[in-house]
């Protein structure tokens, strides 16, 4: 169990470090964000920035959750961390789903610029 | 030339281009053009040809060389994914993608088998989209790159008997324009080249009468040489076209003007 927690912590640290690197690269505020921080609304990331984070994480973690999980379901830093945790350890999926249903009051999904436009045109 | 113009030739190592369908015709001509300019060239096709073997001998067939050919069926997603992985593993990146592989089948739409329609869409469009997705990841990582889609004059003018082929090529042009907006902020350019009739296997199937009719309707009065299409593609793919993105360059001797 300890090893499992260590692995999950390592995933979280990698995600935080990667986002911090990108924010600094983009000249955006990179201090003091937590798992509740919204990628777009809080951190100011654009859809291509999020793509770049995902590609950097693919290199770091050797995993691409977004062949299975729709990227539009990712709103917060915590959502991103959980996507990698579940992909790297599918046995965590049930725990995270239960936690998500307890937190049903969560805000609207992070729609990327692309998906918002697509919705308007339908 | 400034760094923001993303000239892959300005990188310390030889830039890497992936050309789909490079074992013959326009694809082979593109392979030679990029090799001549010092690029590292990866290509794939269904079967190895003597022309491929010749270039493997001249330029090396391993990651230490400048030429990699892979056996790939353009309609097989797993094979395409594996090919891109192999190239990135060998050379670390892909700077330029030329979506050249394509096929055609003539005939009235009303009489076509849907399996033939699906095959055409798979090879001409779906594979190009997949390759673009895979290669653009490498380009986004490097904040630099260029993509050229080989379209056709059939994407801008209607011709009886090639409706589905035309649809796949017009779709590529749509891909070009939207991706240019999507990837532009990461210094990645996306363009199409729409060749008219040039000396190729597809044109070789036309009757002499049909070829003469095309020549009569073409302001320049002849078919293109393959090299003339190659030069247009190289111009857009390399740093020479560094401020051009989202465009369809029609190379048809004025046929559609």
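Residue numbers (my numbering), protein chains in the order written: chain A, 1 to 122; chain B, 123 to 379.
Just so you know, even glycine gets a beta-carbon here, dropped at the ideal spot from N, CA and C.
For the stretch 238 to 301 of chain B, which segments carrying the alpha helix (DSSP H) assignment without a break, of at least 4 residues, lie completely within its bounds, in sequence order? For the stretch 238 to 301 of chain B, whole alpha helix (DSSP H) runs of length 4 or above, ordered along the chain, are 249 to 264.
Straight-line Cα distance separating residue 14 of chain A from residue 176 of chain B: Separation of residue 176 of chain B and residue 14 of chain A (C-alpha to C-alpha, rounded to the nearest whole angstrom) is 46 angstroms.
Would you mind sorting residue 117 of chain A into buried or exposed? The rule is 16 or more other CB atoms within 10 Å of its CB. Caution applies to residue 117 of chain A, whose pLDDT of 36 falls short of 50 and renders its modelled position unreliable; the model cannot decide the point.
Answer with buried or exposed for residue 233 of chain B, where buried requires no fewer than 16 other C-beta atoms within 10 angstroms of its C-beta. exposed
Determine, for residue 243 of chain B, whether the minimum Cβ-Cβ distance to residues of chain A falls below 7 angstroms. It does not: the Cβ of residue 243 of chain B has no partner Cβ on chain A nearer than 7 angstroms.
Report yes if the C-beta of residue 360 of chain B is less than 6 angstroms from at least one heavy atom of the ligand GDP; otherwise report no. Ligands displayed in this structure: none; no statement on the ligand GDP is therefore possible.
Roughly how many angstroms lie between the CA atoms of residue 285 of chain B and residue 11 of chain A, to the nearest whole one? 50 angstroms
Starting from the beta carbon of residue 51 of chain A, find every residue of chain B whose beta carbon is closer than 7 angstroms, and list them in chain order. 262
Taking its Cβ as the centre, do 16 or more other Cβ atoms sit within 10 Å of residue 56 of chain A, making it buried, or is it exposed? buried
Residue range of the beta strand (DSSP E) that includes residue 313 of chain B: Its beta strand (DSSP E) spans residues 310 to 317.
Work out the CA separation of residue 205 of chain B and residue 192 of chain B for me, nearest whole Å. 7 angstroms
Nearest chain A C-beta to residue 368 of chain B closer than 7 angstroms, yes or no? Interface flag for residue 368 of chain B against chain A is unset, since no Cβ pair is found closer than 7 angstroms.
Who are the near neighbours of residue 295 of chain B in its chain, counting only those whose CB is closer than 6 angstroms to its CB and skipping five residues on each side? 273, 277, 314, 370
Go ahead and pull the three-state DSSP assignment for residue 364 of chain B. coil
Listed by chain order, chain B residues near residue 55 of chain A by CB distance under 8 angstroms: For a Cβ distance threshold of 8 angstroms, residue set 259, 262, 263 of chain B lies close to residue 55 of chain A, ordered along the chain.
Could you check whether the Cβ of residue 317 of chain B sits closer than 7 angstroms to any Cβ belonging to chain A? No, residue 317 of chain B does not count as interfacial toward chain A.
Need the endpoints of the alpha helix (DSSP H) that residue 87 of chain A sits in, please. 77 to 88
Under three-state DSSP, which class holds residue 191 of chain B? strand
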